[in-house]
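*Asks:* In the numbering used here, the protein residues as written are 1434 to 1505.
Where is the CB? At the ideal position from N, CA and C, for every residue including glycine.
Source: prediction; values computed, not measured.
#1: Looking at the unbroken alpha helix (DSSP H) that takes in residue 1485, where does it start and where does it end?
#2: Look at the Cβ atom of residue 1490, then the Cβ atom of residue 1480, and state whether they are nearer than 7 Å.
#3: Is the beta carbon of residue 1453 closer than 7 Å to that of residue 1494?
#4: In angstroms with no decimal places, state the Cα-to-Cα distance between residue 1455 and residue 1465.
#5: With 16 other CB atoms within 10 Å as the buried threshold, where does residue 1477 fall?
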């Protein structure tokens, strides 16, 4: 039996994972200003409806180059 909250949490984790695949990896060591601008536009657009905790998980994953495990 799946609780309503568990189902919603699972959907949110799936949505986070999908957004992480859409947002390009950001290599801060070798980035030019144009690639930084592109990254931020993509990140802000793709995550605008996520809560802050989700946005931070996605940001961390893209900065490290991983798709992250999405654990809370």
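*Replies:* For this structure:
#1: 1485 to 1497
#2: no
#3: yes
#4: 20 Å
#5: exposed
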